[in-house]
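A.B. asks: The sequence shown: position 375 = 520 (the numbering used here), numbered continuously. For every residue, glycine included, the Cβ atom is placed at its ideal position computed from N, Cα and C.
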Amino acid sequence: MRLKSSLSIAILLAISFCFTYAEVTSNETFPELLGQLNEPNPTSINIRMIPHTHDDIGWLKTLDQYYVDSAKHITIQGVQYILDSVFPVLKADSGKRFMYVEMGFFQRWWDEQDSATKSLVNQLLKSGQFEFINGGYCMNDEASVYYEDTIDQMTVGHQFLLSTFGITPEIGWHIDPFGHASAQAALFAQMGFKAFFFARIDYQDKVQRLKDKSMEMIWIPNTSQGIENAMFTHVNYYHYSNPLGFNFDIIADDQPIQDNPNLEGYDVPQRADAFVAWFRQMQNSYKTTELFHTAGEDFHYMAAWVDFKNWDKLFKYVRSKQSTYNVNVMYSLPSEYLKAIYPQSVTYPTKTDDFFPYADEDNAYWTGYFTSRVAVKGLVRKSGRFLQAIRRLATQVAWDQTSTFVKNSFAQVDKAIYALEEAMAIAQHHDAVTGTSKLAVADDYKYRLVNGSDAVKQVKYLFNNIRS
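Laid out in structure tokens, this is it:
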């Protein structure tokens with residue numbers, strides 16, 4: 146019974162991997178790769194698994210619904226549980242890692258924590274087990290946004306990180322926007338970012354890049370700054386997901402690792418073979434032996450111990466077969482990956498233009514969102530211009546000290562302006578201004594923009610007699 150179960154799992158994995166590789170690379174088949182595992186491989190590779198969660202600031206559910214996991218009839222996904230569960234796991238094992246991106250969620254969670262939890266987070270930041278990447282309030286779109294609005298939403302997130310932790314992120318992480326603009330890369334470079342990681346590029350472009358090892362490059366946006374905006378850029382191997390067949394999250398369908406030979410379904414040898422074969426294939430598409438791979442998906446790690454326990458089992462077995470596999474496997478972070486590859490003498494290709502338009506298969510171009518939900522796009526534009534105007538007015542008044550109200554009640558003015566800044570930051574999300582969210586969520590985006598504008602208008606009204 147055990148042999149039959151293990152064999153069935155191995156066959157299913159082989160079929161799945163064979164299909165995926167044929168589709169992505171038109172290269173070697175999975176069975177051929179498994180055969181190669183029985184032969185000594187002279188090239189040692191370092192497999193760096195990057196535990197992460199991608200948390201949309203609204204999509205199927207609203208921002209607040211996603212945070213508390215209400216509206217369960219739509220989907221069961223709650224960000225507060227992700228952050229609640231990750232940090233105790235990191236505390237228990239100094240070898241584990243985790244990264245986080247969306248400050249729109251993290252700030253909500255942080256405000257609810259006690260001093261002990263806040264102290265733990267700070268300790269994990271200092272030890273290098275946890276890091277903030279990108280750091281904007283959201284992960285903004287790159288096609289339907291306006292420059293000032295993009296900069297503002299990043300500023301809202303970065304100001305929170307700087308004031309709370311004394312941290313300024315240095316790595317861009319845009320794994321879900323539907324194509325990428327050279328202008329975004331230029332903005333990131335001018336924000337002090339040293340690298341840019343993303344996932345979605347045209348499927349034909351990706352196939353070619355996989356073949357000629359150009360999944361990593363130096364992106365030099367075609368701007369007046371030229372080489373000053375050059376940035377190391379990495380395209381993920383497999384979207385922003387786990388290796389196929391190794392998604393252990395509680396909201397995923399893949400089977401757990403069974404490493405106890407006394408129980409039915411013992412499968413860790415076959416699973417380890419499949420895992421290493423995946424990375425031997427990946428090795429053919431990158432220039433170094435440091436292999437960076439995501440371990441996560443949308444709203445993963447609500448029960449972080451489940452994910453990590455299965456990875457631990459797999460890692461333990463792979464490490465025990467070092468003479469067979471000739472690989473090193475570890476939890477890692479984007480910053481650690483960059484430190485590992487920067488000293489190496491590698492020549493990367495360059496790119497100057499956009500990754501637009503984006504298509505994920507034949508005749509499937511993601512371009513409709515350039516013009517969809519024009520009411521949302523129009524309100525975002527109108528609110529953004531209003532925000533810029535009121536900021537200039539408040540700054541000028543405060544500078545000239547011509548308004549007694551502003552002079553005596555600047556905190557009230559600042560709070561009102563922040564309400565609109567936050568609403569605008571949320572609206573830059575890649576499912577907000579794009580119009581790709583559900584209708585109820587789009588209504589929530591509009592509701593927040595109207596409320597933010599109303600808060601500012603109440604303050605603006607008090608500026609009427611600023612010269613008196």
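Give the DSSP-derived three-state secondary structure of E567 in the structure shown.
C.D. replies: In this structure, E567 counts as helix in the three-state DSSP scheme.
A.B. asks: With distances taken from CA atoms, which of G529, T579, R242, P502 is nearest T516?
C.D. replies: Among G529, T579, R242, P502, the Cα nearest to that of T516 is on T579.
A.B. asks: Identify which residue in G240, S430, D404, Y245 has its Cα closest to the Cα of G317.
C.D. replies: Of G240, S430, D404, Y245, the residue nearest in Cα terms is Y245.
A.B. asks: According to DSSP, which residues form a beta bridge with Y282?
C.D. replies: Answer by DSSP bridge pairing: none, since Y282 is not bridged.
A.B. asks: Three or more beta-carbon pairs under 8 Å between the stretch 225-239 and the stretch 437-453, yes or no?
C.D. replies: Enough Cβ pairs lie closer than 8 Å, so yes.
A.B. asks: Taking all protein chains shown into account, do 16 or more other C-beta atoms lie within 10 angstroms of the C-beta of G324, making it buried, or fewer, making it exposed?
C.D. replies: Label assigned to G324: buried.
A.B. asks: Kindly indicate the opening and closing residues of the beta strand (DSSP E) around W204.
C.D. replies: Segment: none, W204 is in no beta strand (DSSP E) and carries neither H nor E.
A.B. asks: In the DSSP assignment, what residue or residues form a beta bridge with L436?
C.D. replies: BP columns for L436 point to I192.
A.B. asks: Tell me whether M362 sits in a helix, a strand or coil according to DSSP, three-state version.
C.D. replies: Three-state result, M362: strand.
A.B. asks: What first and last residue would you give for the alpha helix (DSSP H) that runs through A534?
C.D. replies: Where A534 is concerned, the enclosing alpha helix (DSSP H) stretches over 519-545.
A.B. asks: Contact check, G529 vs E567 under 8 Å by CB: the rounded distance?
C.D. replies: The Cβ separation is near 13 Å, so there is no contact.
A.B. asks: Within 10 angstroms of its Cβ, does K263 collect 16 or more other Cβ (buried), or is it exposed?
C.D. replies: Looking at its Cβ environment, which holds fewer than 16 other Cβ atoms inside 10 Å, K263 is exposed.
A.B. asks: Using alpha carbons as the reference points, say which of K591, D286, L270, G337 lies closest to T309.
C.D. replies: That would be L270, whose Cα lies nearest to the Cα of T309.
A.B. asks: For K552, which three-state DSSP category applies?
C.D. replies: Of the three classes helix, strand and coil, the one that applies to K552 here is helix, per DSSP.
A.B. asks: Is the beta carbon of Y348 closer than 8 Å to that of A94?
C.D. replies: Beyond the ends of the chain as shown, which are 146 and 613, falls residue 94; an answer cannot be given.
A.B. asks: Are the beta-carbon atoms of A419 and H379 separated by less than 8 Å?
C.D. replies: No, the pair does not count as a contact, with Cβ atoms beyond the cut-off.
A.B. asks: Using the C-alpha atoms, what's the distance from M427 back to W204?
C.D. replies: Approximately 31 Å between the Cα atoms of the pair.
A.B. asks: Would you grab the beta carbon distance between E276 and L584 for me? Rounded to a whole angstrom, and I think it's under 8 Å.
C.D. replies: 36 Å between Cβ atoms; not a contact.
A.B. asks: Consider the C-beta atom of H438 and the heavy atoms of the ligand PLP; say whether any pair is separated by less than 7 Å.
C.D. replies: Absence of the ligand PLP is noted for the structure shown, with no ligands found whatsoever.
A.B. asks: Between the stretch 490-504 and the stretch 363-378, are three or more C-beta pairs nearer than 8 Å?
C.D. replies: Flag = yes, the stretch 490-504 and the stretch 363-378 touch.
A.B. asks: Using a Cβ distance threshold of 8 Å, determine whether the stretch 429-437 contacts the stretch 467-485, with at least three qualifying pairs required.
C.D. replies: They touch, by the three-pair rule.
A.B. asks: Give me the Cβ distance between A326 and D499, rounded to the nearest whole Å; I'm assuming they're in contact under 8 Å.
C.D. replies: Correct: roughly 5 Å between the Cβ atoms.
A.B. asks: How many angstroms separate the CA atom of A561 from the CA atom of M299?
C.D. replies: Going from the Cα of A561 to the Cα of M299 covers about 19 Å.
A.B. asks: Only counting runs of 4 or more residues, tell me where the alpha helix (DSSP H) segments fall wholly within the stretch 210-275, in order along the chain.
C.D. replies: If we require 4 residues or more, the alpha helix (DSSP H) runs fully inside the stretch 210-275 come out as 224-237, 248-256, 260-272.
A.B. asks: For A261, which option in P233, G280, M284 has the closest C-alpha, if you only look at C-alpha atoms?
C.D. replies: Checking every option, the nearest Cα to that of A261 belongs to P233.
A.B. asks: With A330 and Q370 assumed to form a contact (beta carbons below 8 Å), what rounded beta-carbon distance in angstroms separates them?
C.D. replies: Going by Cβ atoms, the distance from A330 to Q370 rounds to 11 Å, so no, they are not a contact pair.
A.B. asks: Going by DSSP, which residues form a beta bridge with D443?
C.D. replies: Beta-bridge pairing links D443 to H199.
A.B. asks: Excluding five sequence neighbours on each side, which residues of the same chain lie with their C-beta closer than 6 Å to the C-beta of V586?
C.D. replies: The answer, listed in chain order, is G203, T207.
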